[in-house]
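*Asks:* Handing you this structure, nothing more for now.
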Amino acid sequence: MEKNSNLSLILTLVTIGLVSAFILSFVYLWTTPYIEANQAEVRRRAINEVLPGAEEIEEIDIDGEIFYEAYDQDNRQIGVATQHSGAGYNGMIDIMVGVNLDDSKVLNISIVNHEETPGLGARITEEGFRSHFQEKPFGDYQAVSTEPTDPMEVEIIAGATISSEAVIKIVENAVEKINTVYGGR
Amino acid sequence: MTEKAKSLFQIFKNGLWKENPVMVLVIGMCPTLAVTNTGANGFAMGIATAFVLISSEIVISIIKNLIPSNVRIPSFILIIATFVTFTDYFVRAFFPTIAESLSIFIPLIVVNCLILGRQEAFASKNPTHKAIADAVGMSVGFTWVLTLLGIIREFFGMGSIFGLQLLGEWYRPMVIMLLPGGAFLTLGLMVGIYKHLSREG
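Going down the list, the sequences are from chains A and B. Using the UniProt record's numbering, you'd call the opening residue of the first sequence number 1 and step up by one each time. Using the UniProt record's numbering, you'd call the opening residue of the second sequence number 1 and step up by one each time.
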């Protein structure tokens, strides 16, 4: 067969494509369980972080939104968490937000996924910044660059205004999402 | 035999300094500039690229005579993409933290012109043992530059090296070093120093 004939060109590419697909389907089968386990682990850790002291966590689906309800050993509901996303500086930020419905306050937040700049925006994952949201009442927060004086003020990270404000926005929306579903109870 | 080993070593050494892919050939700039904001990221990117480069040079140098020259490039890209996809899955399954920090740049190894460039310039014209020597040399050359670039940017941008905090609270980090601008500045200075060192006479 002529080496540069159309048939030989097609056959070459088809063969390489088939062999590649064949190999990769095995790689996919092999790695998928590990990848899924990693993602589940990240989510589980985030839920535990935002719902401290939970004995049992129930996952419920309300109108297509997933909520995690936490109960203590006496089967009393101690909090509700949900994951919410929004645009950050470089890409989407996924945040798990846990709230206490009894006194309408945020328990804690955890950054599940983000693509912010290392050393700058990526510092939203640090305890120092996330702890600003603990014990915050529900409502609209004000971003400030100095020590907060009002409970509705949140101190942002120097040099990462956009990332910090994105987190504030996402937390506000997450709280609102929980409030519209659980608020009437 | 020694003559042969010597020529292989020459090919290997080429990539380290004289024909360093970043400093001299100036190829593979996208990952070089984008992911080197910490030493660890630079190193991880170097290793991922090395794996793809070495595997694809081996495969292509073995099957080079079976590929018609008209479909040479698409064939190379298919083979490279196979190894890149493998790397992507593998890193996400077993090194999730690295996968998170390199994110989109692992799939983008496919279009790293260092990889395709070496197939076209070397693997498709040379026997397998030489292709391996070339791939290993280029990989080491690429990795050391990326790692050094990452170390410098991390040191000035965060005051740490490989995540180990070296400078205390008194240090005000130079934020620009972590942003793309810092990559251009650092790489420019590195190439300048390199040219100065390797100037003959």
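Even for Gly, the Cβ is constructed at its ideal location relative to N, Cα and C.
In terms of residues, what are the limits of the alpha helix (DSSP H) holding A:H114?
*Replies:* That residue, A:H114, is in no alpha helix (DSSP H); it is neither H nor E in DSSP.
*Asks:* Give me, in chain order, the residues of the same chain whose beta-carbon lies closer than 7 Å to that of A:E172; leave out the 5 immediate sequence neighbours on both sides.
*Replies:* Once the five neighbours on either side are set aside, the close Cβ partners of A:E172 are D140 and Y141.
*Asks:* Return no unless some Cβ of chain A is closer than 8 Å to the Cβ of B:Y89.
*Replies:* Yes - at least one Cβ of chain A is within 8 Å of the one on B:Y89.
*Asks:* I'd like the ranges of any beta strand (DSSP E) spanning at least 3 consecutive residues and lying wholly in the segment 80-144 of chain A.
*Replies:* 92-100, 105-113 and 142-144, all fully within the segment 80-144 of chain A.
*Asks:* Quick one, are the C-beta atoms of residue 238 of chain A and B:V35 less than 8 Å apart?
*Replies:* For chain A, the structure presents residues 1 to 185; residue 238 of chain A sits outside this window and is missing.
*Asks:* Check the Cβ of A:N4 against every Cβ in chain B and list those closer than 8 Å, keeping chain order.
*Replies:* Going along chain B in sequence order, the residues near A:N4 (Cβ under 8 Å) are P68, S69 and N70.
*Asks:* What does the alpha-carbon distance come out to for the pair B:T32 and B:P21?
*Replies:* For B:T32 and B:P21, the distance between alpha carbons rounds to 10 Å.
*Asks:* Closer than 8 Å by beta-carbon distance: list the chain B residues that pair up with A:G17, in chain order.
*Replies:* Ordered by position in chain B, the residues that pass the 8 Å Cβ test against A:G17 are L78.
*Asks:* To the nearest whole angstrom, what separates the beta carbons of A:I95 and A:I111, a pair I think is in contact under 8 Å?
*Replies:* Rounded, the Cβ-Cβ distance is 6 Å, consistent with contact.
*Asks:* With a CB to CB cut of under 8 Å and the five nearest residues on each side skipped, what residues in its chain are close to B:L102?
*Replies:* Same-chain partners within the cutoff: V35, N41, A44, M45, A48 and V91.
*Asks:* Between A:I162 and chain B, is there a C-beta pair that is closer than 8 Å?
*Replies:* Answer no: the Cβ-Cβ gap between A:I162 and chain B never drops below 8 Å.
*Asks:* Got a sec: is the Cβ-Cβ distance from residue 204 of chain B to anything in chain A below 8 Å?
*Replies:* Limits of chain B in this structure are 1 at one end and 201 at the other, which puts residue 204 of chain B out of reach.
*Asks:* Between the Cα of A:Y89 and those of A:V19, A:E115 and A:I23, spot the shortest distance and give me the residue it belongs to.
*Replies:* The option with the nearest alpha carbon to A:Y89 is A:E115.
*Asks:* Here's a check: name, in chain order, each residue in its chain whose Cβ is nearer than 6 Å to the Cβ of A:L51, leaving out the five neighbours to either side.
*Replies:* Only A70, G79, A81 and G98 meet the Cβ criterion.
*Asks:* Pick from A:I93, A:F67 and A:Q134: whose alpha carbon is nearest that of A:T180?
*Replies:* Per the Cα distances, A:F67.
*Asks:* Rounding to the nearest angstrom, what Cα-Cα distance links B:F162 and B:G39 in this structure?
*Replies:* Cα to Cα, B:F162 sits roughly 5 Å from B:G39.
*Asks:* With a cut-off of 8 Å, does the C-beta of B:P74 fall near any C-beta of chain A?
*Replies:* Chain A contact via Cβ: present.
*Asks:* Give the residues from the segment 11-43 of chain A that approach chain B closer than 7 Å (Cβ to any Cβ), ordered along the chain.
*Replies:* Those would be T12, L13, I16, G17, S20, I23, L24, V27, Y28, T31, Y34, I35 and N38, in chain order.
*Asks:* Below 8 Å on C-beta distance, what does B:F86 contact in chain A?
*Replies:* The contacting residues are I23, L24 and V27.
*Asks:* Grouping DSSP H, G and I as helix and E and B as strand, with all else coil, what is A:I60?
*Replies:* Strand.
*Asks:* Report buried or exposed for A:S164, applying the criterion of at least 16 other Cβ atoms within 10 angstroms of its Cβ.
*Replies:* Buried: at least 16 other Cβ atoms inside 10 Å.
*Asks:* Flag A:G159 as yes if its beta-carbon sits less than 8 Å from any beta-carbon of chain B, otherwise no.
*Replies:* Chain B, which has a Cβ nearer than 8 Å to the Cβ of A:G159, makes this yes.
*Asks:* Given that A:T125 touches chain B, what residues does it touch there, using C-beta distances under 9 Å?
*Replies:* Result: empty, since nearest Cβ-Cβ is about 11 Å, beyond 9 Å.
*Asks:* Can the beta-carbon of A:S104 be found less than 8 Å from the beta-carbon of A:F138?
*Replies:* Closer than 8 Å, so yes.
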